[in-house]
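Read the structure below first, then the notes.
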Amino acid sequence: MNCNEAEHLIPEYLNDRMDNWQLEEFLHHVKTCPDCREELTIQLLVKVGLQKLEESGDFNLIREMNTQMEEAEHRLKVRNILQNISFVLQTLVLVCAVVMIWLAGRIL
Numbered sequence: 001m002n003c004n005e006a007e008h009l010i011p012e013y014l015n016d017r018m019d020n021w022q023l024e025e026f027l028h029h030v031k032t033c034p035d036c037r038e039e040l041t042i043q044l045l046v047k048v049g050l051q052k053l054e055e056s057g058d059f060n061l062i063r064e065m066n067t068q069m070e071e072a073e074h075r076l077k078v079r080n081i082l083q084n085i086s087f088v089l090q091t092l093v094l095v096c097a098v099v100m101i102w103l104a105g106r107i108l
């Protein structure tokens, strides 16, 4: 992922509207690119920071950004686990179907 792609995906990230692949690529890029991390910080401040400052008067931008990134990484891990479970279950269903067809053929 390049900087232009990452910057265009920041609103999607902030609104949690990325698929697993996009999220993984985005997080990797933002962690390794200081310019994109700064742009994410700015957009996070605009979206979340001003609202939180109005509500409570207390806002730690760095903590908020780190928390959001940790939560996104956790969501990504959970999604990947669920995809793996889904794959295993689909494989088991396929194996069961093949065994049932094989058994039906032996009975006839």
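Once you know that position 16 of the sequence shown is 16 in our numbering, the rest is easy, because the numbers rise by one and skip nothing.
Think of the CB as a built atom: it goes at the ideal place given N, C-alpha and C, for glycine as much as any other residue.
Item: Check Asn60 in the structure and name its three-state DSSP category.; Value: coil
Item: Report all residues from its chain with a CB closer than 8 Å to the CB of Asn80; omit the five preceding and five following residues, and keep chain order.; Value: Asn20
Item: For Gln51 and Leu61, what's the separation of their Cα atoms in angstroms?; Value: 12 Å
Item: State the start and end residues of the unbroken alpha helix (DSSP H) segment that holds Asn20.; Value: 20-32
Item: Along the chain, where does the alpha helix (DSSP H) containing Leu14 start, and where does it finish?; Value: 3-14
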